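Peer 1: Handing you a structure now.
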Amino acid sequence: MVQIVNFYMCLLVERSKKKGYPAVHAFSTFFYPKLISAGYDAVRRWTRDVDLFKKDLILVPIHSRPTHTFTLYCLPLLSFSCTETFSPTHTPLVVL
Numbered sequence: 001m002v003q004i005v006n007f008y009m010c011l012l013v014e015r016s017k018k019k020g021y022p023a024v025h026a027f028s029t030f031f032y033p034k035l036i037s038a039g040y041d042a043v044r045r046w047t048r049d050v051d052l053f054k055k056d057l058i059l060v061p062i063h064s065r066p067t068h069t070f071t072l073y074c075l076p077l078l079s080f081s082c083t084e085t086f087s088p089t090h091t092p093l094v095v096l
């Protein structure tokens, strides 16, 4: 199952290179366990050639037996100015 998820992540990244699709970076299923067990220094090089702040979406699959969970960071929705206020009509919402 892990290989299927990693393959699908690669497909999403490839599709994101086409015009009209959001820029996507997807980590492998090995990223999160390595980050949790060994810390930032163990995964620091995984993004040395990638500017994550230029991506629209960042996917982090988390394998928790027997299922997979995905964390999705949508950078355009996360960026806001310090003077911006959140109101019921201006709250970003992401439905997965």
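In the UniProt record's numbering, the protein residues as written are 1 to 96. All C-beta atoms, glycine included, are put in the ideal place defined by N, C-alpha and C. Since the structure is predicted, the reported quantities are computational estimates derived from the model, not experimental observations.
#1: What's the call for A42, buried or exposed, on a 16-neighbour Cβ count within 10 Å?
#2: Cβ of L75 within 8 Å of Cβ of D56?
#3: Going by Cα to Cα distance, which pick from G20, Y40, R15 and I36 is closest to A26?
#4: Tell me which residue opens and which closes the beta strand (DSSP E) that F70 is part of.
#5: Leaving aside the five residues before and after I62 along the sequence, list all residues of the same chain whose C-beta is less than 6 Å from its C-beta, in chain order.
#6: Give a yes or no on whether the C-beta atoms belonging to S28 and M9 are separated by under 8 Å.
#7: Anyone know if the C-beta pair for L52 and L12 falls short of 8 Å?
Peer 2: So, from the data block:
#1: Numbered from 1 along the sequence shown, position 42 holds the residue referred to as residue 42. Exposure of A42 is indicated by the presence of fewer than 16 other C-beta atoms within 10 angstroms of its C-beta.
#2: Indexing the sequence shown from 1 puts residue 75 at position 75. Indexing the sequence shown from 1 puts residue 56 at position 56. Closer than 8 Å, so yes.
#3: In the sequence shown, the residue the question calls residue 26 occupies position 26. Among G20, Y40, R15 and I36, the Cα nearest to that of A26 is on R15.
#4: On the sequence shown, position 70 is the one that residue 70 refers to. Annotation for F70: the continuous beta strand (DSSP E) segment containing it runs T67 to C74.
#5: Translated into the one-based positions of the sequence shown, residue 62 becomes position 62. Y32 and T69, listed in sequence order.
#6: Your numbering for residue 28 matches position 28 in the sequence shown. Your numbering for residue 9 matches position 9 in the sequence shown. Yes. Within cutoff.
#7: Position 52 of the sequence shown, counting from 1, holds the residue named residue 52. Position 12 of the sequence shown, counting from 1, holds the residue named residue 12. At least 8 Å separates the beta-carbon of L52 from that of L12.
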